[in-house]
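Heads up: the protein sequence lines correspond to chains A and B, in order.
Reminder that position 57 of the first sequence reads as 59 in our numbering, one-by-one numbering, no gaps.
Reminder that position 97 of the second sequence reads as 104 in our numbering, one-by-one numbering, no gaps.
For every residue, glycine included, the Cβ atom is placed at its ideal position computed from N, Cα and C.
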Amino acid sequence: GAGVSQSPSNKVTEKGKDVELRCDPISGHTALYWYRQRLGQGLEFLIYFQGNSAPDKSGLPSDRFSAERTGESVSTLTIQRTQQEDSAVYLCASSSGSSYNEQFFGPGTRLTVL
Amino acid sequence: AQRVTQPEKLLSVFKGAPVELKCNYSYSGSPELFWYVQYSRQRLQLLLRHISRESIKGFTADLNKGETSFHLKKPFAQEEDSAMYYCALQNTGGFKTIFGAGTRLFVKA
Numbered sequence: 003g004a005g006v007s008q009s010p011s012n013k014v015t016e017k018g019k020d021v022e023l024r025c026d027p028i029s030g031h032t033a034l035y036w037y038r039q040r041l042g043q044g045l046e047f048l049i050y051f052q053g054n055s056a057p058d059k060s061g062l063p064s065d066r067f068s069a070e071r072t073g074e075s076v077s078t079l080t081i082q083r084t085q086q087e088d089s090a091v092y093l094c095a096s097s098s099g100s101s102y103n104e105q106f107f108g109p110g111t112r113l114t115v116l
Numbered sequence: 008a009q010r011v012t013q014p015e016k017l018l019s020v021f022k023g024a025p026v027e028l029k030c031n032y033s034y035s036g037s038p039e040l041f042w043y044v045q046y047s048r049q050r051l052q053l054l055l056r057h058i059s060r061e062s063i064k065g066f067t068a069d070l071n072k073g074e075t076s077f078h079l080k081k082p083f084a085q086e087e088d089s090a091m092y093y094c095a096l097q098n099t100g101g102f103k104t105i106f107g108a109g110t111r112l113f114v115k116a
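See the structure below:
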């Protein structure tokens with residue numbers, strides 16, 4: 003079956019605009035993660051969703067960032083009033099519902115804020 | 008606070024030489040540790056995890072709770088091991104994941 007997919011693959015926007023990034027997890031995976039990777043740096047945890055539990059939003063850097071997930075499928079990460087420091091690759095991953103399971107990563111969305 | 012430290016940004020070794028990628032962590036509970044790898048033009052993928060006590064592609068990693076380390080080792084590096092390696096920690100409960108900054112391994116012929 004298909005792996006995790008993300009769209010768009012690249013997004014260039016102007017400072018102050020809102021952007022929406024999409025993630026389609028592997029079917030049946032109840033856990034979904036968003037990470038940010040700035041140039042030359044590691045992955046920065048943003049948020050995860052697990053089944054019907056409340057999401058862990060502890061990694062969201064500001065209230066300009068939000069994410070939603072529809073049931074156990076698609077998730078969208080929204081960044082409002084984008085800033086240049088938001089430029090990064092945004093990675094999505096999904097895993098089955100058990101603890102400590104392997105995360106399967108998408109190809110990422112490269113966001114450039116001019 | 009949870010933290011994963013990979014002190015080396017770049018590690019260069021010759022083919023056939025032993026390799027050790029260092030990972031130290033900071034966590035007050037009992038974490039689960041992972042190594043993920045990203046080969047050129049491929050997605051980030053799991054290499055191995057402590058809970059499985061496995062050896063993948065000749066790599067092993069031992070959790071040392073006294074030194075809070077989870078170093079990745081391979082006795083004889085191969086050119087195809089050249090990649091970016093990330094150490095990761097999951098907290099008790101097993102979902103929130105903290106990654107290190109990564110180490111780029113370059114294996115020279």
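- Using a C-beta cut-off of 8 Å, the segment 9–24 of chain B makes no contact with the segment 49–62 of chain B, since fewer than three inter-stretch Cβ pairs fall below that distance.
- When 9 Å is used as the limit between beta carbons, T104 (chain B) is near these residues of chain A: Y35, Y37, L45, F47, Y50, A95 and Q105, in chain order.
- At a cut-off of 8 Å between beta carbons, P109 (chain A) contacts chain B.
- Taking C-beta separations shorter than 7 Å and ignoring five residues to either side along the sequence, the partners of E22 (chain A) in its chain run T78 and T80, following chain order.
- Not a single CB atom of chain B sits nearer than 8 Å to the CB of Y92 (chain A).
- Residues N12 and V91 of the same chain have their beta carbon placed closer than 6 Å to that of R112 (chain A), with the five preceding and five following residues left out of the count.
- Residue pairing for I49 (chain A): DSSP places it in a beta bridge opposite A:W36.
- Using a Cβ distance threshold of 8 Å, L96 (chain B) and Y43 (chain B) do not count as a contacting pair.
- In terms of CA proximity to L41 (chain A), A:Q86 leads the group A:A56, A:Q86 and A:D26.
- Using a CB distance cut-off of 8 Å, A68 (chain B) does not count as an interface residue toward chain A.
- Bridge partners of C94 (chain B) according to DSSP: B:W42.
- Interface with chain B (8 Å Cβ-Cβ cutoff): D58 (chain A) is included.
- In this structure Y93 (chain B) is in contact with F106 (chain B), their Cβ atoms being roughly 5 Å apart against a cut-off of 8 Å.
- Taking a cut-off of 8 Å on C-beta distances, the segment 22–38 of chain B touches the segment 63–76 of chain B, as three or more cross pairs fall below it.
- Residue contact with chain A for Q97 (chain B): present (Cβ-Cβ distance below 8 Å to some residue of chain A).
- In the structure shown, the three-state DSSP call for S77 (chain A) is strand.
- Look at the beta carbons and you see the segment 23–40 of chain A touching the segment 92–108 of chain A: at least three pairs across the two are nearer than 8 Å.
- Secondary structure of S100 (chain A) (DSSP, three-state): coil.
- Between Y92 (chain B) and chain A, the shortest Cβ-Cβ separation is not below 8 Å.
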